[in-house]
Amino acid sequence: MTTTTGFVYRFRDGNAGMRDLLGGKGANLCEMARLGLPIPPGFVVSTDGFREFARLDQRLPDGLWQEVQEALKEVEEAAGKRFGDRDNPLLVSVRSGSKFSMPGMMDTILNLGLNDETVEGLAKAANDRRFALDTYRRFIQLFAKVALHVDADADADAKRFEAVLNEARAKAGAASDADLSEADLEGVIRQFKEIASTGTEPFPTDTRDQLRIAIRAVFESWTSARAIDYRNHEHISHDLGTAVSIMAMVFGNTGPRSGTGVCFTRNPSTGERALFGEYLLNAQGEDVVSGSRTPKPISELKSEMPAPYDDLVGHAKNLENHFRDAQDIEFTIEDGRLFILQTRSGKRTAMADVRTAVEMVAEGLISRDEALLRVPANKLSHLLSPRFDDESKERAQKAGRLLGKGLNASPGAATGVVAIDGDDAERYGKSAILVRAETSADDMPAILKAGAVLTSRGGSTSHAAVVTRGLGKPAVVGLSTIHVDTQRGEFSVDGTVLKTGDAISIDGFTGEVFSGTIDTIPADISSNDNLRQLLEWADAARRLEIRANADTPGDAARARSFGAHGIGLCRTEHMFFQEERLLHIREVLMGTRSEDAEAADGTYEKALKSLEEYQTSDFRGILEAMDGLPVVIRLLDAPLHEFLPPIEGLIEDLAIAHATNKPEAEVREAEDLLEAARSLAETNPMLGHRGSRLGITKSDIYEMQVRAIFRATKELIDAGKDPQPEIMLPLVMGEAEVKSLKAGLTELAKGLGEDLGRPARIRFGTMIEVPRAALAAGAIAPHVDFFSFGSNDLTQMTFGFSRDDAEEKFLREYVETGILSRNPFATIDEKGVGRLIEIAVKEGRKGNASLELGLCGEHGGDPLSVDFCHRVGLDYVSCSAPRVAVARLAAAQAAIGQTERDV
Ligand code: ADP
Ligand code: MG
Ligand code: MG
């Protein structure tokens with residue numbers, strides 16, 4: 002009877018390694034059954050079944066239903082109850098579960114197998130009719146929602162089942178559903194049936210029909226809009242499909258000796274090693290997660306039900322040791338007996354990830370390499386989420402702006418504006434703080450858009466809490482003193498009303514909520530010992546060096562404190578944008594060198610000289626902040642028109658100057674500026690007169706920059722420092738261009754180099770960001786010391802996409818429809834851009850054996866791109882300062898030979 006060739010696997014036939022086929026939930030249920038844990042009997046319909054279902058246009062394959070019936074018979078035997086029986090009916094849950102956990106995104110139906118007859122059987126068998134009725138109303142509600150799509154898309158206020166329950170509670174003066182009487186529940190069931198009859202098909206009374214429809218509905222929930230959104234956000238493939246776990250129900254709602262809960266083997270916010278969780282007596286699983294009743298902390302279970310609590314502690318420990326990772330466990334206690342219903346690696350914050358990984362190494366549970374692979378590199382950026390400035394917070398407190406203190410569900414501080422619904426969240430984006438009574442999977446799009454979440458109900462394992470921790474967004478939940486009014490788009494607390502758009506601040510570290518804004522300060526990651534430890538291991542494991550992109554001494558110092566080994570890209574463009582410098586650069590752009598070489602004090606020359614002074618001090622600051630480490634300075638790259646005001650404005654200025662009879666000198670100035678702007682205007686600046694093309698046609702600017710670099714270097718050397726500048730040419734396209742530029746600059750450098758007072762030569766390199774340069778790399782390489790791949794421009798030019806236009810207009814659709822698997826500006830496109838890089842690496846090294854190779858686009862902070870850079874043999878990647886920790890870890894993961902799964 003144990004044929005497992007088809008679509009159905011008994012729990013005893015599967016194991017934890019079968020996530021692809023059985024889903025994470027199903028595979029772990031099998032594993033737990035094998036370990037002998039108290040799991041209700043059941044079986045799993047595999048993702049093969051799902052794929053066949055999808056192929057048949059949403060129809061259950063015939064063989065599948067046959068197999069389900071056979072497996073169900075075995076469950077009946079094990080449970081000692083029969084499905085659809087009028088005396089002692091077996092009820093089952095029908096649960097979704099795919100390879101990667103998608104909490105709350107898909108559907109599960111509980112208590113299946115009830116109708117007007119079996120409900121009486123359940124009452125008799127349990128000797129408790131109130132319990133049977135409570136179970137029946139739960140079933141109707143969930144089945145109608147999931148399988149018959151009743152109120153599935155309704156707003157919170159329009160949900161009819163909830164409205165009926167609220168009314169029944171109010172009428173009975175009951176604090177919660179658990180206090181409703183038999184008679185109350187009969188009334189509720191009557192009304193529920195009416196609501197259910199408005200569904201997409203009649204409510205099935207035959208229990209086998211119920212099961213068939215439920216399996217279909219769970220399969221279909223894989224393709225619900227919210228599940229698709231979530232997978233897109235998390236880069237999970239749409240082809241995986243979901244499995245369906247079907248298992249005998251156990252009941253946490255039979256009375257005060259029953260209950261249900263969720264527990265984590267380590268604190269999911271901090272990673273602290275201590276059982277953490279919540280439970281509710283006389284309740285079923287959904288009640289805890291939905292936040293409809295505020296649960297109690299797990300520690301209280303110890304005194305309320307010592308025996309099941311001790312069992313739980315023992316199983317939790319075993320599960321953690323067995324899976325060698327912190328677990329998130331669902332349990333139910335039925336009349337004093339504990340059942341485990343699910344275990345998985347717990348979703349947790351980045352802080353908890355790091356602490357758990359490092360401590361598990363110390364506990365001897367995992368190796369260092371495993372610890373490095375455990376923490377998704379991208380998530381380290383969450384650790385940089387700011388916290389509130391103590392003084393600013395104190396002022397808010399003194400001003401009476403503290404609205405209350407809820408549960409600190411997800412760490413981080415957020416200051417923003419109140420958003421009550423999804424539209425507000427969309428409008429305000431990251432500055433939105435979504436305020437809701439509670440959240441459910443329907444709120445996912447709003448949560449993804451908002452910067453933080455505040456709820457009035459629910460505990461630290463509620464939907465809002467779990468989801469925000471995974472996303473790294475601050476959250477405060479269960480602030481029960483606030484009342485949210487979705488109709489009016491506002492919430493109130495003790496008489497204070499905050500409307501949509503009003504300023505609000507929440508502290509996810511402490512649970513405090515304030516009206517108004519509070520200043521934030523960047524996180525101090527250097528004080529996180531666990532992170533420092535993990536990154537030290539990463540540094541020992543990686544081969545790639547990590548540099549940072551930084552344009553100011555402050556950025557450079559910050560990057561260095563994050564562990565950057567030098568600067569891979571210092572852009573000089575913005576250095577010219579300050580008011581007084583702009584005047585000089587305009588002078589240089591509009592003027593020409595005086596004919597008379599003696600006239601070194603013409604306006605043009607003076608302007609150039611002033612710029613050189615500014616640049617010298619710019620470079621000195623950065624080189625000093627990175628003392629002893631390489632600093633790659635890229636010569637001016639921006640199209641020149643950027644230094645002049647927009648033409649339309651200049652035309653207007655000129656018209657005004659004429660109309661208001663301004664002095665002639667002023668009119669002439671306006672005319673000159675307009676003429677200059679016109680002469681510099683380009684049809685397509687991105688492909689226009691910029692980068693090395695400027696260096697060739699307007700050599701004074703590059704020469705000025707090189708002089709400034711030498712002077713800064715000399716000043717620092719004289720002061721006993723060790724500056725390591727490297728000069729980089731942007732946007733080159735081939736050998737002749739490089740040779741020409743280099744000839745001029747080295748001539749200049751020769752004179753200056755002798756002044757440096759040390760033999761060291763300043764290194765000289767090019768960016769590779771034009772496809773032609775990548776293809777001509779072999780010829781360019783002998784003339785330079787290094788290449789640095791400018792992967793942003795290289796991507797633009799390889800695809801023929803202008804980044805801004807693409808991201809604004811069509812890239813999203815390309816990714817959503819699968820024409821592109823990812824945004825190539827976020828993750829290197831290996832097939833195209835990556836091939837150009839590979840060619841340039843190979844031929845560049847052939848042309849110059851000591852050529853140093855780096856990459857300095859935003860891709861340098863993207864773990865998948867870092868992995869690529871490791872594989873093609875680059876020497877370093879350079880990324881923005883806040884991504885340095887991410888890159889250090891990603892480089893280690895690449896070296897260990899595996900990339901994190903698509904996070
Ligand atoms: P989700 O993935 O949304 O957590 P689950 O399939 O895990 O959905 O189920 C939802 C809730 O129902 C959970 O709290 C779970 O523990 C509970 N549950 C599932 N199956 C059973 C069962 N057979 N008996 C009792 N409770 C169950
Ligand atoms: Mg679950
Ligand atoms: Mg570029």
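For the working numbering, add 1 to where a residue sits in the sequence shown, where the first one is 1. Positions of the beta carbon are idealized from the N, C-alpha and C atoms, including for glycine.
Range covered by the beta strand (DSSP E) that runs through residue i
i           : result
residue 500 : 497-500
residue 264 : 260-265
residue 484 : 483-486
residue 570 : 568-572
residue 880 : 877-881
residue 829 : Note, residue 829: premise wrong, no beta strand (DSSP E); not H, not E.
Residue from the options whose Cα sits closest to the Cα of residue i
i           : options               : result
residue 401 : 328, 316, 517 and 430 : 517
residue 190 : 162, 68, 219 and 737  : 162
residue 469 : 440, 391, 864 and 875 : 440
residue 507 : 209, 394 and 797      : 394
residue 793 : 807, 770, 777 and 785 : 770
residue 75  : 310, 42 and 86        : 42
residue 581 : 462, 608 and 823      : 608
residue 258 : 686, 306 and 561      : 306
residue 910 : 666, 799 and 188      : The structure shown does not extend to residue 910, since the chain spans only 2 to 904, so no value can be given for it.
residue 359 : 372, 622 and 348      : 372
residue 375 : 347, 300, 396 and 387 : 347
Close-in-space but distant-in-sequence residues of the same chain around residue i (CB under 7 Å, 5 per side omitted)
i           : result
residue 709 : 613, 616, 617 and 620
residue 98  : 24, 25, 26, 27, 243, 244 and 246
residue 696 : 636, 703, 730 and 742
residue 643 : none
residue 3   : Residue confidence for residue 3 is low, a pLDDT of 43 falling below 50, so the modelled location carries little weight and cannot support an answer.
residue 796 : 825, 826, 830 and 834
residue 902 : The pLDDT assigned to residue 902 is 39, lower than 50, so where the model puts this residue is not dependable; a value taken from the coordinates is nonetheless given after this. For residue 902, where only same-chain residues beyond five positions count, there are no Cβ hits under 7 Å.
residue 197 : 141, 145, 149, 151 and 204
residue 900 : Its pLDDT being 47, under 50, residue 900 is placed unreliably in this model, and the value from its coordinates should be taken loosely. Excluding residues within five positions, the ones whose Cβ falls inside 7 Å are 864, 865, 868 and 894.
residue 213 : 61 and 66
N-terminal and C-terminal residue of the alpha helix (DSSP H) that residue i is part of
i           : result
residue 864 : 864-873
residue 627 : Segment: none, residue 627 is in no alpha helix (DSSP H) and carries neither H nor E.
residue 471 : 464-472
residue 836 : 834-848
residue 334 : Not the alpha helix (DSSP H): residue 334 falls in the beta strand (DSSP E), residues 328-335.
residue 350 : From DSSP, residue 350 is part of no alpha helix (DSSP H); its letter is neither H nor E.
residue 19  : Neither: residue 19 is in no alpha helix (DSSP H) and is coded neither H nor E.
8 Å Cβ shell around residue i - same chain, five flanking residues per side excluded
i           : result
residue 805 : none
residue 83  : 77, 89, 90 and 91
residue 72  : 9, 11, 44 and 247
residue 17  : 28, 29, 31, 32 and 324
residue 344 : 29, 33, 320, 324, 328, 329, 330 and 331
residue 498 : 491 and 492
Neighbourhood of residue i by C-beta, 6 Å cutoff - its chain only, sequence neighbours within 5 removed
i           : result
residue 654 : 671
residue 447 : 423, 426 and 435
residue 648 : 678
residue 110 : 95, 143, 144, 147 and 215
residue 904 : Confidence in residue 904 is poor, its pLDDT being 38 and thus under 50, which makes the residue's placement unreliable; the coordinate value appears in the next sentence. Same-chain partners within the cutoff: 377 and 379.
residue 558 : 626
residue 578 : none
residue 438 : 457, 458 and 485
residue 398 : none
residue 520 : 390 and 393
residue 694 : none
Please give me, in chain order, every unbroken run of the beta strand (DSSP E) with length at least 3 that falls completely inside the region 740-786.
Runs found: 764-769.
Give the residues whose C-beta lies closer than 6 Å to at least one heavy atom of ligand 2, in chain order.
Qualifying residues, in the order they occur: 331 and 343.
So within the region 249-321, which uninterrupted beta strand (DSSP E) runs reach at least 3 residues, ignoring any that extend past its ends?
DSSP runs (the beta strand (DSSP E)) wholly in the region 249-321: 260-265 and 277-282.
Go through the region 100-171 residue by residue and report every complete run of the alpha helix (DSSP H) that reaches 4 residues or more, in order.
List check, alpha helix (DSSP H) in window: 119-127 and 130-147.
If you scan the region 395-434 from start to end, which runs of the beta strand (DSSP E) of 3 or more residues do you find wholly inside it?
Whole beta strand (DSSP E) segments, 3+ residues: 403-406, 408-411 and 414-420.
Which ranges would you report for the alpha helix (DSSP H) in the region 43-102 if only whole runs of at least 4 residues count?
Complete alpha helix (DSSP H) runs here, min 4: 48-56 and 63-80.
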